[in-house]
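Worksheet: the structure to be examined is printed underneath.
In our numbering, the protein residues as written are 7 to 237.
What follows is the structure, encoded as structure tokens:
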């Protein structure tokens, strides 16, 4: 599958009516995309970090279909209208990817969480592979993760040239804010890649942590299991 995701921050001066107008316009533009079997547009929940106001995510059957749809005139017109006006949109973090590793089974209704990372501190192939391996091992230890995938980006734009997209789905918010965030494997193993005081420091301190409520599966089932992500 080919997937694209944006974290959208609206201008702070926009009122509730203008924010809803933006959401409805983006929803309509997304629905008009050809060859898009699954889409998500939801407001981020409190506790998100560098996440903006909305998570927008769309999946296509493959990269060719996705790039053709996103290059189409109707979407380009909508994107220009919605995102070019900085009086309405303050910031957009954008990523797209095709290759990912993942697993688990979506709870269908629950919580979707996405993190954007920029691995830019001495990112050798060996260090990137070890970081990826330890990250994708998290679901073996943290049972609240119901489904997950780790991808490397083919397109990225925004506050950083994002290199990795780390997604999970949970049955409820406690599975993320409690079991995931507080698990010993998380802070004793994976967190060192994010800590400038550790020799293993790999990931830029600027990252995005966004989560929202969902009523349908988000993470795709057609994942590439054979190719671990690298950057």
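C-beta: ideal position from N, C-alpha, C; glycine also.
Residues near residue 43 by beta carbon distance below 7 Å, same chain, minus five either side: Along the chain shown, one-based indexing puts residue 43 at 37. Answer for residue 43: 65 and 67, listed in chain order.
Cβ-based burial, residue 218 [other Cβ within 10 Å; buried from 16]: Locating residue 218 in the chain shown gives position 212, counting from the first residue. Under this definition residue 218 is a buried residue.
Residue 223 to residue 20 span [Cα, whole Å]: As a position in the chain shown, residue 223 is number 217, starting the count at 1. As a position in the chain shown, residue 20 is number 14, starting the count at 1. Distance between the alpha carbons of residue 223 and residue 20: 31 Å.
Where residue 30 falls, given that 16 or more other Cβ within 10 Å makes a residue buried: Here residue 30 refers to the residue found at position 24 when the chain shown is read from its first residue. It counts as exposed.
For residue 43, three-class secondary structure by DSSP: Translated into positions along the chain shown, residue 43 becomes position 37. DSSP places residue 43 in coil when its eight states are reduced to three.
Pick from 101, 51, 58 and 97 that is closest to residue 73, judged by C-alpha positions: Working through the chain shown from its first residue, we reach residue 73 at position 67. Ranking 101, 51, 58 and 97 by Cα distance to residue 73 puts 101 first.
Rounded separation between residue 13 and residue 205 - CA only: Translated into the one-based positions of the chain shown, residue 13 becomes position 7. Translated into the one-based positions of the chain shown, residue 205 becomes position 199. Taking the straight line from one Cα to the other gives about 31 Å.
Option in 128, 180 and 183 with minimal Cα separation from residue 202: Counted from its first residue, the chain shown places residue 202 at position 196. Of the listed residues, the one whose Cα sits closest to residue 202 is 128.
7 Å Cβ cutoff met for residue 112 and residue 175: The residue given as residue 112 occupies position 106 in the chain shown. The residue given as residue 175 occupies position 169 in the chain shown. The Cβ atoms of residue 112 and residue 175 lie closer than 7 Å to each other.
Any alpha helix (DSSP H) of 4 or more consecutive residues that is wholly inside the region 157-192: With a minimum length of 4 residues, no continuous alpha helix (DSSP H) run stays inside the region 157-192.
Euclidean distance between Cα positions of residue 37 and residue 110: Along the chain shown, read from residue 1 onward, the residue named residue 37 stands at position 31. Along the chain shown, read from residue 1 onward, the residue named residue 110 stands at position 104. Rounded to the nearest whole angstrom, the CA to CA distance from residue 37 to residue 110 is 27 Å.
8 Å Cβ shell around residue 234 - same chain, five flanking residues per side excluded: Locating residue 234 in the chain shown gives position 228, where the first residue counts as 1. Note that residue 234 scores a pLDDT of 35, beneath 50, so its modelled location is shaky and nothing firm can be said.
Contact check, residue 85 vs residue 8, beta carbons under 7 Å: Working through the chain shown from its first residue, we reach residue 85 at position 79. Working through the chain shown from its first residue, we reach residue 8 at position 2. No, they are not a contact pair.
Within 7 Å, strictly: CB atoms of residue 170 and residue 200: Numbered from 1 along the chain shown, position 164 holds the residue referred to as residue 170. Numbered from 1 along the chain shown, position 194 holds the residue referred to as residue 200. Taking C-beta atoms as the reference points, residue 170 and residue 200 fail to come closer than 7 Å.
Beta-carbon proximity of residue 15 to residue 87, cut-off 7 Å: For the purposes of this step, residue 15 is taken as residue 9 along the chain shown, with counting starting at 1. For the purposes of this step, residue 87 is taken as residue 81 along the chain shown, with counting starting at 1. No, these two residues do not count as a Cβ contact at 7 Å.
Contact check, residue 164 vs residue 99, beta carbons under 7 Å: Within the chain shown, numbered from 1, the residue matching residue 164 stands at position 158. Within the chain shown, numbered from 1, the residue matching residue 99 stands at position 93. Cβ atoms of residue 164 and residue 99: closer than 7 Å.
For residue 220 and residue 118, the rounded distance between their alpha carbons: Here residue 118 refers to the residue found at position 112 when the chain shown is read from its first residue. Here residue 220 refers to the residue found at position 214 when the chain shown is read from its first residue. Near 6 Å, if we compare the C-alpha coordinates of residue 220 and residue 118.
Residue nearest to residue 146 in terms of C-alpha spacing, selected from 158, 160, 185 and 130: Sequence index remark: in the chain shown, residue 146 carries index 140 (1-based). Selected option, being the one with the closest Cα: 185.
Counterpart residues of residue 155 in DSSP-defined beta bridges: For the purposes of this step, residue 155 is taken as the residue at position 149 of the chain shown. Bridge partners of residue 155: 108 and 173.
Proximity below 7 Å, CB of residue 90 to CB of residue 209: Locating residue 90 in the chain shown gives position 84, counting from the first residue. Locating residue 209 in the chain shown gives position 203, counting from the first residue. In this structure, the beta-carbon distance from residue 90 to residue 209 does not fall below 7 Å.
Own chain residues within Cβ distance below 7 Å of residue 93, not counting five before or after: Here the question's residue 93 lines up with position 87 in the chain shown. So the qualifying residues of the chain are 17.
Exposure of residue 193, with buried meaning 16 or more beta-carbon neighbours within 10 Å: In the chain shown, residue 193 corresponds to position 187, counting from 1. Counting every other CB atom within 10 Å of its CB across the protein chains shown gives residue 193 a total below 16, marking it as exposed.
Distance, residue 133 Cα to residue 231 Cα: Translated into the one-based positions of the chain shown, residue 231 becomes position 225. Translated into the one-based positions of the chain shown, residue 133 becomes position 127. The predicted position of residue 231 is uncertain, since its pLDDT is 33 and thus under 50; a value taken from the coordinates is nonetheless stated next. As the crow flies, the alpha-carbon of residue 231 is around 20 Å from that of residue 133.
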